[in-house]
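Colleague: My questions all concern the structure below.
2 protein chains.
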Amino acid sequence: MNNRTPKDGAESGGAVEIAYRHIRSAIVTGELKSGEALQEAKLADQIGVSRTPVREALQRLSNEGLVVLERYRRGQVANFSMSEVAEVFRLRAKLEGHGARRAARRITPSQIDHLEELEREMESIFAKLGWHGHLSQFDHLNNEFHATIASAADSPRLDRILASALELPPSIFNFYREPLEDRTRRTHRQHREIIDALKAGNPDWAEAAMNAHLLSILTDPNPEPE
Amino acid sequence: MNNRTPKDGAESGGAVEIAYRHIRSAIVTGELKSGEALQEAKLADQIGVSRTPVREALQRLSNEGLVVLERYRRGQVANFSMSEVAEVFRLRAKLEGHGARRAARRITPSQIDHLEELEREMESIFAKLGWHGHLSQFDHLNNEFHATIASAADSPRLDRILASALELPPSIFNFYREPLEDRTRRTHRQHREIIDALKAGNPDWAEAAMNAHLLSILTDPNPEPE
DNA sequence: CTGATGAAAGTTGCATGCCAAAACAATCAA
DNA sequence: TTGATTGTTTTGGCATGCAACTTTCATCAG
Chain A
2 MNNRTPKDGA ESGGAVEIAY RHIRSAIVTG ELKSGEALQE AKLADQIGVS
52 RTPVREALQR LSNEGLVVLE RYRRGQVANF SMSEVAEVFR LRAKLEGHGA
102 RRAARRITPS QIDHLEELER EMESIFAKLG WHGHLSQFDH LNNEFHATIA
152 SAADSPRLDR ILASALELPP SIFNFYREPL EDRTRRTHRQ HREIIDALKA
202 GNPDWAEAAM NAHLLSILTD PNPEPE
Chain B
2 MNNRTPKDGA ESGGAVEIAY RHIRSAIVTG ELKSGEALQE AKLADQIGVS
52 RTPVREALQR LSNEGLVVLE RYRRGQVANF SMSEVAEVFR LRAKLEGHGA
102 RRAARRITPS QIDHLEELER EMESIFAKLG WHGHLSQFDH LNNEFHATIA
152 SAADSPRLDR ILASALELPP SIFNFYREPL EDRTRRTHRQ HREIIDALKA
202 GNPDWAEAAM NAHLLSILTD PNPEPE
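In order, the protein sequences belong to chains A and B. Residue numbers 2 to 227, in our numbering, belong to the letters of the first sequence in order. Residue numbers 2 to 227, in our numbering, belong to the letters of the second sequence in order.
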């Protein structure tokens with residue numbers, strides 16, 4: 002079973018990267034459901050690599066919180082309670098708010114162009130495909146939008162934390178009661194406001210706008226004490 | 002070269018854990034200096050495990066930011082500039098401030114006892130051994146002190162971020178100009194104040210005290226815009 | 001039928017080997 | 001001497017095999 006691929010078309014990284022993307026995407030699209038068991042051998046076979054890179058990929062996903070690993074036990078797709086989702090957005094608000102504040106004073110014109118371009122793309126695929134069709138692409142663009150701001154904050158640690166510890170499968174949005182189209186339109190407005198604040202170089206505004214954006218996700222009133 | 006150890010005395014986890022602790026401790030104590038190359042085979046041999054668990058351990062350390070990995074390149078011990086250290090403490094202030102705020106309403110009496118016990122221990126070993134002797138033990142107890150508060154915040158993600166993305170080798174303290182004894186004494190006072198705030202169940206106070214504690218590390222005035 | 005028990009099957013943890021890419025060294029041209 | 005070039009050595013990336021452990025399932029006592 003030697004499926005060595007000396008040059009696999011549009012391949013970017015190594016086998017770990019392939020496995021990582023594959024599994025992550027399966028989780029993100031809901032193909033792998035919360036709580037579902039993850040068997041190294043099966044995944045390896047399915048992806049076309051050996052167990053070693055699959056193990057590394059699962060390790061990474063475990064760090065990111067998308068997968069739960071326990072010694073000698075089968076991995077599982079993590080499941081996210083509403084309160085966990087809320088907590089993630091609270092933490093992201095703290096960190097990305099901080100990031101936006103710093104970014105307001107450091108962001109370059111070309112980064113702002115990039116943000117505007119990303120936002121245009123998001124709006125255009127939303128207009129073309131509607132919510133359900135655009136979920137996966139939206140996730141990607143939206144992640145890059147936030148990552149661009151974080152990187153403008155010039156804090157590699159912040160980058161890493163946001164990229165690795167505070168990601169959620171976009172499928173969680175499907176649990177919300179609010180019509181998804183409404184939520185999406187609001188998201189776009191908020192993105193534009195954040196861009197405005199960054200363009201103006203106003204740290205307070207940028208932080209506040211980012212906070213508003215992230216905390217608006219928590220529409221369901223949450224009864225626990227702050 | 003089969004150094005299999007069917008039951009290795011007071012062993013806790015697996016080979017990965019052994020490798021992880023070994024390498025981490027070497028970095029933390031300064032045995033491995035910043036920028037030093039990390040060769041899988043050499044480490045594996047030295048630790049007494051194979052390369053596979055060493056690779057996993059390095060992966061973990063890379064996620065934690067203590068090690069820098071790049072595909073096909075030798076790993077290196079990360080090096081921490083003053084501005085990175087400052088940024089870590091700013092991020093910790095945001096996150097642990099949030100944690101302390103939540104903890105103030107949730108912490109249990111037994112957790113408070115635990116904090117007081119930890120603080121007593123820290124002060125006692127400091128009194129006995131002075132700064133240089135107590136560095137490694139202090140690091141351990143101090144980490145548990147902060148981890149206890151974070152866990153009282155009842156936010157597993159926060160736990161994981163603090164444990165994995167915002168750790169620094171305690172050796173960085175040696176770069177500060179301020180006499181270490183002074184700094185340590187202030188740390189103890191601040192710890193006691195944090196405990197007081199938590200005991201009082203006052204979220205604002207707890208957050209503020211935690212912020213004061215973490216931001217006081219940045220004694221060197223930093224000229225960059227916030 | 002229910003819960004305990006133990007063997008068989010399945011899965012993960014780790015060691016090892018091979019190959020490809022990087023690091024290094026020697027050689028040569030300018 | 002210096003910088004480029006090529007050949008050699010070193011080292012990391014991945015596949016695979018075996019051992020340790022968990023899970024499953026059949027069996028049996030109650």
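Note that the Cβ used here is the ideal one computed from N, Cα and C, for glycine as well.
How is the alpha helix (DSSP H) around residue 50 of chain A delimited, first residue to last?
Modeller: In the first sequence, counting from the first residue as 1, residue 50 of chain A sits at position 49. Careful: residue 50 of chain A lies outside any alpha helix (DSSP H) and carries neither H nor E.
Colleague: Please confirm if residue 89 of chain B has its CB atom under 8 Å from at least one CB of chain A.
Modeller: Indexing the second sequence from 1 puts residue 89 of chain B at position 88. Interface residue, yes.
Colleague: So, at 6 Å on beta carbons, what are the nonlocal neighbours of residue 214 of chain B in its own chain, with the 5 sequence-adjacent residues on each side left out?
Modeller: The residue you call residue 214 of chain B lines up with position 213 of the second sequence. Only 191 meet the Cβ criterion.
Colleague: Residue 95 of chain A touches chain B at which residues, Cβ-Cβ below 7 Å?
Modeller: As a working note, residue 95 of chain A is residue 94 in the first sequence. The answer, in chain order, is 95, 96 and 99.
Colleague: Just the chain A side, please: which residues come within less than 8 Å of residue 92 of chain B by C-beta, in chain order?
Modeller: Locating residue 92 of chain B in the second sequence gives position 91, counting from the first residue. In chain order: 96, 99, 156, 158, 159 and 162.
Colleague: Consult DSSP for residue 79 of chain A and reduce its assignment to one of helix, strand or coil.
Modeller: Residue 79 of chain A sits at position 78 when you count from the first residue of the first sequence. The answer is coil: DSSP assigns residue 79 of chain A none of H, G, I, E or B.
Colleague: Take the Cβ of residue 21 of chain A as the centre, count every other Cβ of all protein chains shown within 10 Å, and call the residue buried at 16 or more, exposed below.
Modeller: The residue you call residue 21 of chain A lines up with position 20 of the first sequence. Label assigned to residue 21 of chain A: buried.
Colleague: Cα separation between residue 208 of chain A and residue 199 of chain B?
Modeller: Numbered from 1 along the first sequence, position 207 holds the residue referred to as residue 208 of chain A. Numbered from 1 along the second sequence, position 198 holds the residue referred to as residue 199 of chain B. Their Cα atoms are separated by approximately 28 Å.
Colleague: Go through its chain and collect everything with a Cβ distance to residue 126 of chain A's Cβ below 6 Å, but skip five positions before and after it.
Modeller: Against the first sequence, residue 126 of chain A aligns to sequence position 125. These residues qualify, in order along the chain: 135 and 138.
Colleague: Give me the residue from B/68, B/108, B/80 and B/26 with the minimum Cα distance to residue 40 of chain B.
Modeller: Working through the second sequence from its first residue, we reach residue 40 of chain B at position 39. Per the Cα distances, B/68.
Colleague: In whole angstroms, give me the CA-to-CA distance for residue 54 of chain B and residue 157 of chain A.
Modeller: On the second sequence, position 53 is the one that residue 54 of chain B refers to. On the first sequence, position 156 is the one that residue 157 of chain A refers to. Distance between the alpha carbons of residue 54 of chain B and residue 157 of chain A is about 27 Å.
Colleague: Give the range of the alpha helix (DSSP H) segment to which residue 215 of chain B is assigned.
Modeller: Here the question's residue 215 of chain B lines up with position 214 in the second sequence. Note, residue 215 of chain B: alpha helix (DSSP H), 204-216.
Colleague: Against residue 74 of chain A, what residues of chain B qualify as contacts under a CB-to-CB distance less than 9 Å, listed in chain order?
Modeller: The sequence position of residue 74 of chain A within the first sequence is 73, counting from 1. What residue 74 of chain A touches in chain B: nothing, since even the nearest Cβ is about 13 Å away.
Colleague: Excluding the 5 residues flanking residue 4 of chain A on each side, which residues of the same chain have their C-beta closer than 6 Å to its C-beta?
Modeller: By one-based count along the first sequence, residue 4 of chain A stands at place 3. Confidence in residue 4 of chain A is poor, its pLDDT being 36 and thus under 50, which makes the residue's placement unreliable; the coordinate value appears in the next sentence. So the qualifying residues of the chain are 49.
Colleague: Contact criterion: CB-CB distance below 8 Å. Does residue 152 of chain B meet it with respect to chain A?
Modeller: Residue mapping note: residue 152 of chain B aligns to position 151 of the second sequence, counting from 1. By this cut-off, residue 152 of chain B is not an interface position.
Colleague: Using alpha carbons as the reference points, say which of B/161, B/57, B/37 and B/33 lies closest to residue 19 of chain B.
Modeller: As a first step, residue 19 of chain B must be located in the second sequence, where it is residue number 18. With distances taken between Cα atoms, residue 19 of chain B lies closest to B/57.
Colleague: Have a look at residue 142 of chain B and residue 204 of chain B and give me their C-alpha separation to the nearest angstrom.
Modeller: By one-based count along the second sequence, residue 142 of chain B stands at place 141. By one-based count along the second sequence, residue 204 of chain B stands at place 203. Each residue's Cα considered, the two are about 24 Å apart.
Colleague: For residue 150 of chain A and residue 44 of chain A, I'd like the C-alpha separation in whole angstroms.
Modeller: In the first sequence, the residue the question calls residue 150 of chain A occupies position 149. In the first sequence, the residue the question calls residue 44 of chain A occupies position 43. Rounded to the nearest angstrom, the two C-alpha atoms are 34 Å apart.
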